[in-house]
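Asker:
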Amino acid sequence: MTTIRLTMAQALTRYLASQKTIIDGKTVPIFAGVWAIFGHGNVAAIGEALYQHRDALPTFRAHNEQAMAHAAIAYAKASFRRRMMAVTSSIGPGATNLVTACAMAHVNRLPVLFLPGDIFANRRPDPVLQQVEDFADGTVSVNDVFRPISRYFDRITRPEQILAALPRAMAVLTDPADCGPVTLSLCQDVQAEAYDYPEAFFDEKVWTQRRPRPSDDELAAAVAALRTARKPLIIAGGGVLYSGATETLANFAEAHGIPVAETQAGKSSLPADHPLNMGSIGVTGTSAANELARDADVILAVGTRLQDFTTGSWSLFQNGKTIIGLNTQVFDATKHRALPLVADAQAGLREIGLQLEALSAPEDWTERAAEGRNLWFRAADKATAATNAALPSDGQVIGAVQRALGSGATVVCAAGGLPGELHKLWQAGAPGSYHLEYGYSTMGYEIAGGLGVKMAKPDQEVVVMVGDGSYLMMNSEIATSVMLGLRLTIVVLDNAGYGCINRLQMATGGANFNNLLKDARHDVLPSIDFAAHAASLGAIATKVASIAELEAGLAAAVTNDRTTVLVIDTDPLVTTEEGGNWWDVAVPEVSPRPQVNAARKEYEKAMQAQRVVD
Numbered sequence: 001m002t003t004i005r006l007t008m009a010q011a012l013t014r015y016l017a018s019q020k021t022i023i024d025g026k027t028v029p030i031f032a033g034v035w036a037i038f039g040h041g042n043v044a045a046i047g048e049a050l051y052q053h054r055d056a057l058p059t060f061r062a063h064n065e066q067a068m069a070h071a072a073i074a075y076a077k078a079s080f081r082r083r084m085m086a087v088t089s090s091i092g093p094g095a096t097n098l099v100t101a102c103a104m105a106h107v108n109r110l111p112v113l114f115l116p117g118d119i120f121a122n123r124r125p126d127p128v129l130q131q132v133e134d135f136a137d138g139t140v141s142v143n144d145v146f147r148p149i150s151r152y153f154d155r156i157t158r159p160e161q162i163l164a165a166l167p168r169a170m171a172v173l174t175d176p177a178d179c180g181p182v183t184l185s186l187c188q189d190v191q192a193e194a195y196d197y198p199e200a201f202f203d204e205k206v207w208t209q210r211r212p213r214p215s216d217d218e219l220a221a222a223v224a225a226l227r228t229a230r231k232p233l234i235i236a237g238g239g240v241l242y243s244g245a246t247e248t249l250a251n252f253a254e255a256h257g258i259p260v261a262e263t264q265a266g267k268s269s270l271p272a273d274h275p276l277n278m279g280s281i282g283v284t285g286t287s288a289a290n291e292l293a294r295d296a297d298v299i300l301a302v303g304t305r306l307q308d309f310t311t312g313s314w315s316l317f318q319n320g321k322t323i324i325g326l327n328t329q330v331f332d333a334t335k336h337r338a339l340p341l342v343a344d345a346q347a348g349l350r351e352i353g354l355q356l357e358a359l360s361a362p363e364d365w366t367e368r369a370a371e372g373r374n375l376w377f378r379a380a381d382k383a384t385a386a387t388n389a390a391l392p393s394d395g396q397v398i399g400a401v402q403r404a405l406g407s408g409a410t411v412v413c414a415a416g417g418l419p420g421e422l423h424k425l426w427q428a429g430a431p432g433s434y435h436l437e438y439g440y441s442t443m444g445y446e447i448a449g450g451l452g453v454k455m456a457k458p459d460q461e462v463v464v465m466v467g468d469g470s471y472l473m474m475n476s477e478i479a480t481s482v483m484l485g486l487r488l489t490i491v492v493l494d495n496a497g498y499g500c501i502n503r504l505q506m507a508t509g510g511a512n513f514n515n516l517l518k519d520a521r522h523d524v525l526p527s528i529d530f531a532a533h534a535a536s537l538g539a540i541a542t543k544v545a546s547i548a549e550l551e552a553g554l555a556a557a558v559t560n561d562r563t564t565v566l567v568i569d570t571d572p573l574v575t576t577e578e579g580g581n582w583w584d585v586a587v588p589e590v591s592p593r594p595q596v597n598a599a600r601k602e603y604e605k606a607m608q609a610q611r612v613v614d
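Just so we're aligned, residue 1 is where the sequence shown starts under UniProt numbering, counting upward by one.
(1) What residues match up with Val567 in a beta bridge as DSSP calls it?
(2) State buried or exposed for Arg210, treating a residue as buried only when at least 16 other CB atoms are found within 10 Å of its CB.
(3) What residue ranges within the segment 361 to 431 form continuous beta strand (DSSP E) runs of no fewer than 3 residues, ordered along the chain?
(4) Can you look up Ile501 in the DSSP assignment and give me helix, strand or coil?
(5) Of the choices Glu133, Pro572 and Val112, whose alpha-carbon is the least far from that of Tyr152?
(6) Return the first residue and the last residue of the alpha helix (DSSP H) that His106 is part of.
(7) Below 6 Å CB to CB, which residues in the same chain sit around Phe309 once its five sequence neighbours on both sides are set aside?
(8) Mapping DSSP to helix, strand and coil, what is Glu357?
(9) Give me, in chain order, the residues of the same chain whose beta-carbon lies closer than 6 Å to that of Leu300; leave out the 5 immediate sequence neighbours on both sides.
(10) Let me check understanding here. Comparing Cα to Cα, which of Leu166, Gly580, Tyr75 and Lys518 lies closest to Pro419?
(11) Is it the case that the segment 303 to 320 contacts the segment 144 to 158, given that we only count it when at least three CB pairs across the two stretches are under 8 Å?
(12) What number of angstroms, rounded off, separates the C-alpha of Ser546 from the C-alpha of Val464?
(13) How many angstroms separate the CA atom of Leu50 from the CA atom of Ala56?
(14) Roughly how many angstroms lie between the CA atoms of Gln52 and Gln10, to the nearest whole one?
(15) Less than 7 Å between the beta carbons of residue 647 and Gly41, yes or no?
(16) Could you pull the start and end residues of the alpha helix (DSSP H) that Val240 belongs to?
(17) Hey, quick one: how far does the beta strand (DSSP E) through Ile323 stretch, first residue to last?
(18) Could you pull the DSSP bridge partners for Tyr434 from this structure?
(19) Quick check on the DSSP output: the alpha helix (DSSP H) that includes Leu173 runs from which residue to which?
(20) Kindly indicate the opening and closing residues of the beta strand (DSSP E) around Ala511.
(21) Got a sec, what are the start and stop residues for the beta strand (DSSP E) residue 616 sits in?
(22) To the nearest angstrom, how far is it from the Cα of Asp137 to the Cα of Gly117?
(23) Compare the C-alpha of Thr322 against each of Val585, Val298 and Gly312 and name the closest.
(24) On the criterion of 16 or more Cβ atoms from any shown chain inside 10 Å, does Thr2 qualify as buried, or is it exposed?
(25) If you check the beta carbons only, do Leu98 and Glu65 fall under 7 Å apart?
(26) Which residues in the same chain have their Cβ closer than 8 Å to the Cβ of Thr96, if we skip the five residues on either side of it in sequence?
(27) If Val34 sits next to Ala86, beta carbons under 8 Å apart, how far is it from one beta carbon to the other, in whole angstroms?
(28) Does the contact criterion of 3 or more C-beta pairs under 8 Å hold for the segment 273 to 293 versus the segment 422 to 429?
(29) Quick check on the burial criterion: 16 or more other C-beta atoms within 10 angstroms. Buried or exposed for Glu133?
(30) What did DSSP end up calling Asn475 once you bin it into helix, strand or coil?
(31) So, helix, strand or coil for Arg227, using DSSP?
(32) Among Ala296, Glu363, Pro212 and Tyr242, which residue has its Cα nearest to the Cα of Gly348?
(33) Can you tell me where the alpha helix (DSSP H) holding Val87 begins and where it ends?
(34) Specify the secondary structure class of Asn143 as computed by DSSP and reduced to three states.
(35) By alpha-carbon positions, which one of Asp459, Gly452, Ala414 and Arg378 ends up nearest to Tyr438?
(36) Once you ignore the five residues that flank Lys20 on each side, which residues in its own chain have a CB closer than 8 Å to its CB?
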């Protein structure tokens, strides 16, 4: 056996550089690069190893560890999980800054490789700088917090351990069912230790997409349920996009006349102008999709984990429904007594279609879907229409962005009220052109996520829509976008606080408290110049005074040579009234305030509609 002597860090980076995949018939590196912020826990060993492989495995510098992980995750999502990135940090705060992003990747089933530095395996300098000590367990490191939020976790305490750990990591990162974050915690002394590695370990390895087909029994049960359906509905989740099943879904829906509703992760599975696309479903759903969902008798749930925003906390489905869970992950396929159909979305839809042959949904059901769709579009047009209001709504800003940039742009957003309005109102075009992080609803994802999307789609227009609250939480990657020459268009909607949660507070009987800036404890209300701040980070930045000025600014942004930030003041209280559904947010059972008591009564009444098991 031929060997080569390398440090563990050198072997790790060489291995990552040799992992490949196939995109559009071309073999390309599966890792598009590594995001790195160096410290004493990774600069000497990992830093040197990345320098040696900087051409085959590019290294990118960010300004915040959490943000660089958001960018890596967004890259994987925009690449439909075909390609991914790694992130490395020092120990201590650098590592724990990654934790929120790791949890986000776990919830959203997105691949990213975390490589945080760790304490010394030999323990000679204990406690090393930034080491968190457990008085009762000498094996504990702060990196143990990654264990419950990683699909695979390993602490590398000897250099030869990566011979087993790295192939296991790749198997998880590329698996359609278990896909998610992997953490390899790298003891900093072991990073620098050498070992005689087999040269064959570094041979090129090509990872291709696995497409499990359904079992015969599960397929037969699913087909039998659909044959009896009088009011069938498809719910398209993110698994449709990750499977590359958008064309298959369209063909299936058209062949059998079944309307389609989309989750946050599944939006853009069909283009908005497809006649069977009813739009968003659930708490932030359209009236067209939700009215069908309430009456549907068979629901084909494709690639969705059926979270509470999709199901209206299980109050949406009021008919005696049968759910068919078409999913690669049995955990998701069997939720809420569903008939499991454990398979790849593309393979599963094709095989169901072959069994159903020419069977089609009843004509009155498809006619009802078409009528509801037309009514919804009229409501959406009204909500997004141009206005001269001094404080436009989020919906009116969305309309301006859509008119200026068209459905060819990719919109990026995450938390607050904007995702709900975008889910309802954004008219998505190509698959993946709607990029929302709403599984974990991570404030601060937006700008860093936009950067990751732009890295995956350098030739496409990427527009980030972000509220003032999220902007203040994380904005540093504006500077990174400028530094890397990756032009973004960023629209900041300033409603002077956390407008979404303020509305929820009011809806549950709460007093306006601690959400809008004016309702928080203060001596002086802050006057934040977002445009000046963005300009200080290198962006072209403008505060616009109207929807008309915003549209003009968006048109100019497309021709600018670097990231553009447009700031507009908005109304914190106005949202799109049409559509939507109840969401289970527990209201206090007792309170001295009559508003809360009244809200509790409404809450108890609404709970009666929940059909968790039926």
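Just so you know, even glycine gets a beta-carbon here, dropped at the ideal spot from N, CA and C.
These numbers were taken from a predicted model, which means no experiment stands behind them.
Answerer: For this structure:
(1) Looking at the DSSP assignment, Val567 forms a beta bridge with Val492 and Lys543.
(2) It counts as exposed.
(3) Complete beta strand (DSSP E) runs here, min 3: 410 to 413.
(4) Correct three-state label for Ile501: helix.
(5) Distances from the alpha-carbon of Tyr152 to those of Glu133, Pro572 and Val112 put Val112 closest.
(6) Unbroken alpha helix (DSSP H) run through His106: Val99 to Asn108.
(7) Only residues of its own chain outside the window of five on either side were considered, and among them Gly282 and Val283 have a CB closer than 6 Å to the CB of Phe309, listed in chain order.
(8) Look at Glu357 here: in three-state DSSP terms it is coil, with no helix or strand label.
(9) Cβ contact annotation for Leu300 (same chain, cutoff 6 Å, sequence separation greater than five): Ile234 and Ile324, in chain order.
(10) The option with the nearest alpha carbon to Pro419 is Gly580.
(11) Counting Cβ pairs under 8 Å, fewer than three are found: no touch.
(12) Taking the CA atoms as reference points, Ser546 sits about 19 Å from Val464.
(13) Each residue's Cα considered, the two are about 10 Å apart.
(14) Whole-angstrom Cα-Cα distance: 8 Å.
(15) Since the first residue of the chain shown is 1 and the last is 614, residue 647 is not available in this structure.
(16) Note, Val240: alpha helix (DSSP H), Gly238 to Ser243.
(17) Looking at the DSSP string, the run of the beta strand (DSSP E) that includes Ile323 is Thr322 to Asn327.
(18) Answer is Val411.
(19) Unbroken alpha helix (DSSP H) run through Leu173: Ile162 to Leu173.
(20) Looking at the DSSP string, Ala511 is not in any beta strand (DSSP E), and its letter there is neither H nor E.
(21) The question about residue 616 has no answer here: the residues shown for the chain are numbered 1 through 614.
(22) Cα to Cα, Asp137 sits roughly 19 Å from Gly117.
(23) With distances taken between Cα atoms, Thr322 lies closest to Val298.
(24) Thr2 is classed as exposed because its beta carbon has fewer than 16 other beta carbons within 10 Å across all chains shown.
(25) In contact: Leu98 and Glu65 (Cβ atoms closer than 7 Å).
(26) Exclusion of the five residues before and after Thr96 leaves Val142 and Val145 as the residues of its chain whose Cβ lies within less than 8 Å of its Cβ.
(27) That belief holds up - the Cβ atoms of Val34 and Ala86 are roughly 5 Å apart, short of 8 Å.
(28) The segment 273 to 293 is in contact with the segment 422 to 429.
(29) Classification for Glu133: exposed.
(30) Asn475 falls in the coil class under three-state DSSP.
(31) For Arg227, the three-state secondary structure derived from DSSP is helix.
(32) Nearest of Ala296, Glu363, Pro212 and Tyr242 to Gly348, Cα basis: Pro212.
(33) Val87 -> not in any alpha helix (DSSP H); beta strand (DSSP E) instead, spanning Met84 to Ser89.
(34) Secondary structure at Asn143: helix, using DSSP grouped into helix, strand and coil.
(35) Of Asp459, Gly452, Ala414 and Arg378, the residue nearest in Cα terms is Ala414.
(36) Excluding residues within five positions, the ones whose Cβ falls inside 8 Å are Thr27, Val28, Pro29, Ile30, Glu204, Lys205, Val206 and Trp207.
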